[in-house]
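Engineer: Sharing a structure here in structure tokens format.
Numbering (mature numbering (1 follows the signal peptide of the UniProt record, and there is no 0)), first residue to last: -17 to -1, 1 to 272.
Structure below.
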């Protein structure tokens, strides 16, 4: 039976003119997705979210390793991530996979949308920033991993986003430091299960976005790391934070610039300066806990 299947698949590939490496290396189908959970449940009834399928049917797996990523923590894997992003973003119902057990050095990059739809970013390995400020691309002086103009995207996994911020802290200058993970000008975003640590400045920025849900996220940096806000919400609305553990050298959560409809539940803060709400946004129903 297996021999028949292999022969049939070979004939199918030949008939349609599809190169074998494109099927097996660049993109994989359902079989490799069975261990992933595509979340759709709502822990906080904070706002309406589009539903995503939990069956994995029809999802396409795009693995950064298939685009030349080394995953050794020393080689620059930026271009592999950019290439994998372009493939995943242009595919319907894609899963962009950062595999576990590997460490990827990625320089400051902007991941631009809009995407084809229902994209899942599955981070199970570690993404690490350059440790030397002098190695930073001056074009991206304020952001490290910047996701822009996305709709209906899930960030999930058991992996780590590590900003390698220690040398930035030693020469602290707030206006020149960068932020680790930024979601900007986006809507219907889900972030679940990730660890974000040792950011150069703010760990996780939600900017100019609507309908963002963050749950079971761990944010961590030393107590004496300056200006390392945990989750920073600016010019955004309908944001829900649930079951997050945040310990940093500055505010656990900061909310500024007319953000509204912010809901929080089970936020564990410490060390840190607590939750800071800018007076500009302190209007009725702006913040609920």
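We put the beta carbon where it would ideally sit given N, CA and C, even for glycine.
From residue 88 to residue 238, what does the alpha carbon distance come to, in whole angstroms?
Structural biologist: 30 Å
Engineer: How is the alpha helix (DSSP H) around residue 65 delimited, first residue to last?
Structural biologist: 61 to 72
Engineer: At the level of alpha carbons, what is the spacing between residue 129 and residue 112?
Structural biologist: 13 Å
Engineer: Which of the three DSSP states is assigned to residue 207 in this structure?
Structural biologist: Of the three classes helix, strand and coil, the one that applies to residue 207 here is coil, per DSSP.
Engineer: Under the three-state reduction of DSSP, which class applies to residue 111: helix, strand or coil?
Structural biologist: Note: residue 111 maps to strand in three-state DSSP.
Engineer: From 164, 170, 171, pick the residue whose C-alpha is nearest to that of residue 177; which is it?
Structural biologist: Ranking 164, 170, 171 by Cα distance to residue 177 puts 164 first.
Engineer: Judging by CA-CA distance, which residue of 190, 246, 148, 195 is the nearest neighbour of residue 211?
Structural biologist: 148
Engineer: Under a Cβ-count criterion, where at least 16 other Cβ atoms within 10 Å of its own Cβ denotes burial, should residue 51 be classed as buried or exposed?
Structural biologist: exposed
Engineer: So, under 8 Å CB-CB, residue 222 and residue 200 are touching, yes? Tell me the CB distance rounded to an integer number of Å.
Structural biologist: Not a contact, Cβ separation roughly 13 Å.
Engineer: How far does the beta strand (DSSP E) with residue 190 in it extend, from its first residue to its last?
Structural biologist: 187 to 190
Engineer: Using only CA atoms, which one of 106, 71, 180, 231 lies nearest to residue 206?
Structural biologist: 231
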